[in-house]
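Per my numbering, residue 191 is the first one in the sequence shown, and the count goes up by one each step. First comes the structure, then the notes that go with it.
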Amino acid sequence: MGLFQAVSGAIGGTLADQWLDFYTVPDGLPATAALFPAVRRDQNEGRGANAGASDGVITNGSKIVVPEGYGLVLVEDGAFTGFAAQPGGYIWDSEETASQSVFSGGGLVDSIIKQSWERFKFGGRPGSQQTAIFVALKELPNNKFGTQSEIYWDDAFLNTQVGAITRGTYTLKITDPLTFIRNFVSAAVISGHAVFDFTDIDNPAGEQLFNEVVGSLAPAFSMYTNDPAKGNRIARLQQDSIGFAQSLSAAVEENYKWRTDRGLEIVKTAIISIEYDENTRELLKNVQRADALSGSRGNSNLQASVAAGIESAGENAGPGGLIGMGMATGGMGLGGLQQPAGQPAAPAAPAAAPAAPAAPAADDPVAVLKRAKEMLDAGLITQEDYDAAKAKALGL
Numbered sequence: 191m192g193l194f195q196a197v198s199g200a201i202g203g204t205l206a207d208q209w210l211d212f213y214t215v216p217d218g219l220p221a222t223a224a225l226f227p228a229v230r231r232d233q234n235e236g237r238g239a240n241a242g243a244s245d246g247v248i249t250n251g252s253k254i255v256v257p258e259g260y261g262l263v264l265v266e267d268g269a270f271t272g273f274a275a276q277p278g279g280y281i282w283d284s285e286e287t288a289s290q291s292v293f294s295g296g297g298l299v300d301s302i303i304k305q306s307w308e309r310f311k312f313g314g315r316p317g318s319q320q321t322a323i324f325v326a327l328k329e330l331p332n333n334k335f336g337t338q339s340e341i342y343w344d345d346a347f348l349n350t351q352v353g354a355i356t357r358g359t360y361t362l363k364i365t366d367p368l369t370f371i372r373n374f375v376s377a378a379v380i381s382g383h384a385v386f387d388f389t390d391i392d393n394p395a396g397e398q399l400f401n402e403v404v405g406s407l408a409p410a411f412s413m414y415t416n417d418p419a420k421g422n423r424i425a426r427l428q429q430d431s432i433g434f435a436q437s438l439s440a441a442v443e444e445n446y447k448w449r450t451d452r453g454l455e456i457v458k459t460a461i462i463s464i465e466y467d468e469n470t471r472e473l474l475k476n477v478q479r480a481d482a483l484s485g486s487r488g489n490s491n492l493q494a495s496v497a498a499g500i501e502s503a504g505e506n507a508g509p510g511g512l513i514g515m516g517m518a519t520g521g522m523g524l525g526g527l528q529q530p531a532g533q534p535a536a537p538a539a540p541a542a543a544p545a546a547p548a549a550p551a552a553d554d555p556v557a558v559l560k561r562a563k564e565m566l567d568a569g570l571i572t573q574e575d576y577d578a579a580k581a582k583a584l585g586l
């Protein structure tokens with residue numbers, strides 16, 4: 191009786207496998223799923239159901255629909271037999287006897303007996319194991335990275351070691367599905383019995399990738415901040431998601447061979463926070479101060495300060511206040527504000543004996559206007575300031 195039931199069960203399964211199945215993406219799939227089996231829809235457009243087909247058998251002529259953003263990998267007995275990266279509908283076709291419809295070619299009884307014999311030899315199961323697997327070809331979001339303590343890297347701009355605690359997310363893309371499946375996916379996923387999700391906390395492969403990304407953060411920060419093309423500024427890290435992603439991808443490739451050995455690549459990053467250590471924060475403050483007083487920006491700041499002083503002096507009684515301010519600026523030289531960076535200053539004149547005090551020229555309108563004109567030409571005051579000084583000097 192046991193032998194009969196085994197043969198009977200084999201024949202019953204064989205008849206059920208002759209249904210032309212319809213395979214597609216499972217319902218309720220998370221957006222972060224990277225690899226998952228194609229699922230059979232038991233209902234055939236309301237004309238009947240095929241719930242008795244065997245697992246591991248895809249009937250010849252069955253239709254598999256590949257949606258946008260996914261690829262289809264066909265596996266038979268652990269070997270790749272097909273791949274489709276373009277969206278659309280595909281028809282399964284296999285030379286394996288268990289996959290061929292008994293209604294095409296040969297005779298019905300002959301085909302059933304052949305399949306039943308194969309299943310009988312394998313305990314009522316097909317002699318070939320077939321799987322259709324979907325693989326995500328789009329960016330997979332919400333992959334997290336973060337450090338619990340400071341990481342350190344050498345920074346060329348600050349000319350010292352920088353330390354920070356950081357966290358963020360990155361998108362991941364499977365650039366070589368066959369390499370990824372062959373080298374990094376468990377047997378349960380390949381056989382069509384599990385879903386591979388990088389963000390699943392129970393997925394040891396996802397945990398391994400997290401640890402490798404954290405281990406590559408310091409080299410990635412160093413690579414980014416020491417690259418002249420990136421401006422050598424750590425302050426730009428949070429603004430340049432693609433640039434830092436390239437540095438992080440290069441770091442994990444150099445350390446762990448993601449692209450070559452696993453078919454994976456980091457596409458974009460989002461740094462949520464960077465908390466620099468105390469020494470780094472102090473250095474950044476000094477850099478900000480230096481930036482504010484360097485180059486043309488520093489010259490503009492100084493000119494604005496002088497102009498504010500002139501405006502305040504002009505409000506004092508009489509034109510003497512303006513003359514006093516002009517003498518103060520003249521003491522350091524009107525051209526001093528425009529001294530180009532890197533050029534040597536003119537040699538200082540030898541010290542002269544103290545001269546007798548000159549007679550005050552505060553009431554001389556010619557001297558007042560001459561000094562005001564020099565300041566206008568030097569860009570230290572505006573035309574409006576000059577006109578106001580002129581009106582005061584002439585008593586208008």
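Each residue gets a CB set at the ideal place from its N, CA and C atoms; glycine is no exception.
Exposure of residue i, with buried meaning 16 or more beta-carbon neighbours within 10 Å
i, result
"residue 319", "buried"
"residue 453", "buried"
"residue 266", "buried"
"residue 284", "buried"
"residue 345", "buried"
"residue 326", "buried"
"residue 258", "exposed"
"residue 350", "exposed"
"residue 387", "buried"
"residue 471", "exposed"
"residue 556", "exposed"
"residue 561", "buried"
"residue 391", "exposed"
"residue 574", "exposed"
"residue 372", "exposed"
"residue 367", "buried"
"residue 216", "exposed"
"residue 220", "exposed"
"residue 279", "exposed"
Coil, strand or helix - residue i by DSSP
i, result
"residue 345", "strand"
"residue 265", "strand"
"residue 562", "helix"
"residue 331", "strand"
"residue 315", "In this prediction, residue 315 has a pLDDT of 47, which is less than 50 and means its spatial position is unreliable; what the coordinates show is noted afterwards. Coil."
"residue 257", "coil"
"residue 298", "Note that residue 298 scores 45 on pLDDT, short of 50, meaning its location in the model is unreliable and no value can be drawn from it."
"residue 229", "strand"
"residue 244", "Bear in mind that the predicted position of residue 244 carries a pLDDT of just 48, short of 50, making it too unreliable to give a figure here."
"residue 583", "helix"
"residue 221", "coil"
"residue 570", "coil"
"residue 249", "coil"
Bounding residues of the beta strand (DSSP E) (the contiguous stretch that carries residue i)
i, result
"residue 440", "Looking at the DSSP string, residue 440 is not in any beta strand (DSSP E); the run it does join, the alpha helix (DSSP H), is 431 to 446."
"residue 326", "320 to 326"
"residue 269", "269 to 274"
"residue 457", "454 to 466"
"residue 281", "278 to 281"
"residue 214", "212 to 214"
Taking only runs that begin and end inside the region 347 to 426, name each unbroken beta strand (DSSP E) of 3 or more residues, in chain order. 350 to 364
Segment contact flag, the region 354 to 364 with the region 460 to 469, C-beta cutoff 8 Å, min 3 pairs: yes
Stretch pair the region 256 to 271 + the region 334 to 342: three plus CB contacts closer than 8 Å: no
Flag this pair as touching only if the region 426 to 444 and the region 401 to 415 have three or more C-beta atom pairs under 8 Å; answer yes or no. yes
Given 8 Å, three or more beta-carbon pairs between the region 374 to 387 and the region 414 to 421: no
How about the region 325 to 334 and the region 358 to 373: do they share at least three Cβ pairs that are nearer than 8 Å? yes
Within 8 Å, do at least three Cβ pairs link the region 440 to 448 to the region 394 to 404? yes
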